[in-house]
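Heads up, the thing below is written out as structure tokens.
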Amino acid sequence: MISIYLITLIYEMKKLYFLLIGFCLFGSLNAQLIDIPDANFKKKLLEASADSYIATNGDGKGIKIDSNNDNEIQRDEALAVQGLRLDGAGISNFDGLEYFTNIRILEFSWNKVTSFDASKFTFLKELNCFGNELNNLNLNSLQNLETLNCYANKLETLDLSGLSTLKFLDCNNNSITQLVFVDNPNIGYINCSVNPIKSLDVSGHTKLVSLLCTMNDLSAIDVSNCTKLSELDCSSNKITTLDLSSCHNLFQFNCNFNLLESLFIKNNFTTNYNYYISFNPTLKYICVDEDELLDIQSKVNNLLYTNCVVNSYCSFTPGGIFYTIKGKSKLDIDNNGCTVNDAVYKSLKFKITIGTNTGNFISDTSGNYSMPVQGGTHTITPIIENPNYFNISPTSLNVAFPAQTSPYSQDFCVTPNGIHNDLEVVILPLIPARPGFDTTYKIIYKNKGNTSQSGSVSLTFNDAVLDYVSATPVFDNQITNKLSWDYMNLQPFETREITVTLNVNSPMQTPAVNNGDRLSFNALITPVTGDEKPVDNSFALRQIVVGSFDPNDKTCLEGDVITPELIGEYVHYLIRFENTGSYAAENIVVKDLIDLSKFDISTLVPTKASHEFVTKISDGNKVEFIFENINLPFDDATNDGYITFKIKTLPTLATGDSFANEANIYFDYNFPIITNKATSTFKTLAIADFEFLDYFSVYPNPVTDILNIETRKTIELKSISIYDMLGQIVIGVPNAQNISKVGVSKLSTGNYFLKINTDKGSSSFKFIKH
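Spelled out as structure tokens, the structure:
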């Protein structure tokens, strides 16, 4: 009985054991299955095969997900997948996808998904989910994501924070209102077109190559320091100002259909570019590289943007990447080496050569210079007006960029060479002369030599029509028609000035002064004896009286009629400008195109200005006086400025030749104001019938009291006339047969012409009254 019972018990226990084992195996197998409620999703997964490439492994080869052919997807089967392509399958629910944790590439475009959490797929490198109905996309923790295509959805927000490896983003045709690029240093392509984004800042993303943001609601976009950006399409927006100056590789650019007012494309990309700026009727200013001026101006003209200014004056450094050469220039008078205690050498001129291109840069009066240049090998040569007076070290400088570090520093030391006395004086009419009004003059005198000098400066004028009002400094001596100032220890290259205010007679006074009358002035600086170039120790100004005037004008100070003796010599120009706007002018540029058939541009020397400036000479004949950060006020008391320069006429000119010059004045981003054309003509007192010095000797010259006229050959004198530099007779001797001396003590100091009429005709001779 017991044996039968035990046997029966053991048998029943075995049955129970195997039943439990089977149940456990079934439960374990069932637990490995992934629940996929979306039939379309499961169907797509089961369709995966080696040929369909719906799923791929780590080698990129197509694989069958349902490897055991049970029409189910187990977890271990999901873990084998590294790429999933589920496009156009009608999927709306991705429950079950969370078990595919090893996927690197996920595509489910053109489905019906409304929300997707990608944060669980930490290995994900590429996500393509465009063409769904997504209104929520969670990208947190995707530190390996490189490509995101989520365009054509219903997204209102897109959080890109933490996506440090993201390179490609296409989110166009959504409802995104804001994109923030802070943690995306590797981004290279962005397409966020057709969204209601109002502003976009991608500044500093140096790997960004393409940015497409057309058809947004953008009023501002910042692409500063996007140095590799080559394509930008921001058309059909509301952008008013666009600065592309740091986009050095931009060749494709479209900003059609905007509200642009200013566009800055001075970026040193000047060849093979495609820029589209149509349908921007409010465009007022475009800043471009010098080499683009003609092309962009042509585009502007073709688009009929009649109110748009095109120039390069938004900045005064080259577009794109540039380098700097800087330093100081010192004047070592005591020849013991330049030190911090030596005086500065002001406004040093440099010749800049790179390849076959040559230009000039003239520094400001601080003694410091800073030249922005582009890449290449540059030869920098300092130039002095009178090179035989001074030595300069180094004589030249070779700098190669980018091989050498920028900024590259080099100081220059100027030392005297021998003994040279050379003074210069000029009169500047700062205010036009008008009948009955005060007018102001500035007498500028300079020591161009290499020794200290002391002497006097005098101004001669017609006291009958001009009344003295004031002078700074006050004169030391005064007689009728003449004021004089003593000066002491005028150092080499030192410039001083005297400001004189005079009142012009009105038409009601006697003698009357009317519009069109001419006022004559002469200035003289002494000592003249021993001066190497006494011709510029005196200066004659002939000023036309006006009733009204343009505050932006140009004047040749020698007048509209100039004696032939100045052929090949310096003539002086004054350019005045006035801010008549309603806001301070931050930058002003005075551009002057020099006529190379009349002037020697290598002799151009800026002499004086109302404000600090530098000078740039380029393109052979283009001179730009640059007043950077001048901030010229607009109130009438302080809104004036001026620049003066001197330049030699060509020695090949002849009597009867005329030369004309005008300037363009740029106030910030406005159209240039074109000055009047200052025209002067070389005219002689009369054509010489014989060579003066063949028949006469005149001495002393300079003269103080008596001018001696000695006959060298047989000739009969008839009359003697002395003319001032304005062509007016100041002394006449009608019957001069026996005259050998002429008293000139009452003449004002300055330059004069002695004209002698004889039986052989007439001839003239120039002398200086001291």
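Residue numbering for the sequence shown follows our numbering, starting at 1184 and increasing by one per position.
Glycine included, each C-beta is placed from N, C-alpha and C at the ideal position.
Alpha carbon to alpha carbon, how far is residue j from residue i? Give it in angstroms, no decimals.
i: Trp1293; j: Asn1490; result: 48 Å
i: Lys1938; j: Asn1720; result: 22 Å
i: Ile1246; j: Lys1390; result: 36 Å
i: Glu1290; j: Leu1394; result: 23 Å
i: Ala1586; j: Asn1327; result: 37 Å
i: Tyr1849; j: Glu1769; result: 11 Å
i: Ser1946; j: Thr1864; result: 20 Å
i: Phe1206; j: Asn1254; result: In this predicted model, Phe1206 has a pLDDT of only 40, less than 50, meaning its place in the structure is not dependable; the value taken from the coordinates is given anyway. About 21 Å.
i: Phe1277; j: Asn1223; result: 10 Å
i: Leu1212; j: Glu1281; result: With a pLDDT of 43 at Leu1212, under the threshold of 50, the modelled position of that residue is not reliable, and the figure given next carries that caveat. Cα-Cα distance, rounded: 19 Å.
i: Ser1418; j: Phe1440; result: 6 Å
i: Lys1295; j: Tyr1236; result: 21 Å
i: Gly1387; j: Leu1349; result: 15 Å
i: Leu1343; j: Asn1804; result: 53 Å
i: Ile1370; j: Leu1325; result: 15 Å
i: Phe1201; j: Asn1252; result: Annotation note: pLDDT 46 at Phe1201 (below 50); position unreliable, coordinate value reported separately. Between Phe1201 and Asn1252, the C-alpha separation is close to 27 Å.
i: Asp1955; j: Lys1534; result: Absent from the model: residue 1955. The displayed extent of the chain is 1184 to 1953, so no value can be given.
i: Leu1642; j: Thr1522; result: 38 Å
i: Leu1425; j: Tyr1456; result: 17 Å
i: Asn1956; j: Ser1530; result: The structure shown does not extend to residue 1956, since the chain spans only 1184 to 1953, so no value can be given for it.
i: Phe1209; j: Arg1258; result: Confidence at Phe1209 is low in this model, with a pLDDT of 40, below 50, so the placement of that residue is unreliable and no value is reported for it.
i: Leu1876; j: Thr1786; result: 30 Å
i: Ser1445; j: Ile1286; result: 48 Å
i: Val1406; j: Gln1636; result: 58 Å
i: Glu1899; j: Ile1905; result: 18 Å
i: Cys1354; j: Asp1366; result: 17 Å
i: Phe1936; j: Asp1818; result: 46 Å
i: Ile1892; j: Val1806; result: 46 Å
i: Ile1537; j: Pro1565; result: 15 Å
i: Gly1824; j: Tyr1334; result: 57 Å
i: Ile1359; j: Leu1346; result: 18 Å
i: Lys1896; j: Ile1889; result: 22 Å
i: Ile1204; j: Ala1272; result: Reliability fails at Ile1204, whose pLDDT of 42 lies under 50, so the model's placement of it is uncertain and no value is given.
Check the DSSP bridge columns for residue i and list the partner residues they point to.
i: Asp1823; result: Glu1761
i: Glu1807; result: Lys1774, Lys1799
i: Thr1560; result: Ala1583
i: Met1554; result: Ile1508
i: Gly1915; result: Ser1904
i: Cys1612; result: Note that residue 1612 corresponds to Pro in the displayed sequence, not to Cys. DSSP, once it has assigned bridges, lists Tyr1624 as partnering Pro1612.
i: Arg1679; result: Tyr1628
i: Gly1751; result: Its beta-bridge partners do not exist; DSSP assigns none.
i: Gln1692; result: None, per the DSSP bridge assignment.
i: Cys1596; result: Lys1513, Ser1576
Are residue i and residue j close, meaning C-beta to C-beta below 8 Å?
i: Leu1954; j: Leu1352; result: A question about residue 1954 goes unanswered here, because the residues of the chain that appear run from 1184 up to 1953.
i: Gly1502; j: Lys1421; result: no
i: Thr1678; j: Lys1716; result: no
i: Lys1952; j: Gly1926; result: no
i: Val1788; j: Lys1737; result: no
i: Ala1843; j: Ala1861; result: yes
i: Ala1846; j: Asp1775; result: yes
i: Ser1639; j: Thr1682; result: no
i: Asp1472; j: Thr1500; result: no
i: Lys1943; j: Phe1873; result: yes
i: Tyr1506; j: Ser1589; result: yes
i: Ser1703; j: Asn1645; result: yes
i: Thr1410; j: Ser1429; result: yes
i: Leu1317; j: Thr1340; result: no
i: Leu1707; j: Leu1724; result: no
Measure the beta-carbon distance from residue i to residue j and round it to whole angstroms, keeping in mind my assumption that it falls under 8 Å.
i: Ile1627; j: Val1652; result: With 8 Å as the limit, Ile1627 and Val1652 do not qualify as a contact, their Cβ atoms being about 20 Å apart.
i: Ser1902; j: Val1886; result: 20 Å between Cβ atoms; not a contact.
i: Ala1403; j: Ser1376; result: Incorrect: roughly 17 Å between the Cβ atoms, too far for contact.
i: Ala1263; j: Asn1240; result: 7 Å
i: Ile1809; j: Lys1799; result: 6 Å
i: Pro1618; j: Asn1697; result: 6 Å
i: Val1648; j: Pro1694; result: 6 Å
i: Thr1634; j: Pro1675; result: 7 Å
i: Tyr1528; j: Lys1513; result: 6 Å
i: Leu1229; j: Asp1249; result: 5 Å
i: Lys1956; j: Asp1594; result: The question about residue 1956 has no answer, for the chain in this structure spans 1184 to 1953.
Check your understanding: Three or more C-beta pairs closer than 8 Å, one from the segment 1749 to 1759 and one from the segment 1822 to 1834: is that the case here?
Key -> yes
Point to revise | Segment contact flag, the segment 1474 to 1487 with the segment 1574 to 1583, C-beta cutoff 8 Å, min 3 pairs | key: no
**Study point:** the segment 1563 to 1580 / the segment 1596 to 1607 touching (three or more Cβ pairs under 8 Å)
**Key:** Contact holds between the segment 1563 to 1580 and the segment 1596 to 1607, because three or more Cβ pairs, one in each stretch, are under 8 Å apart.
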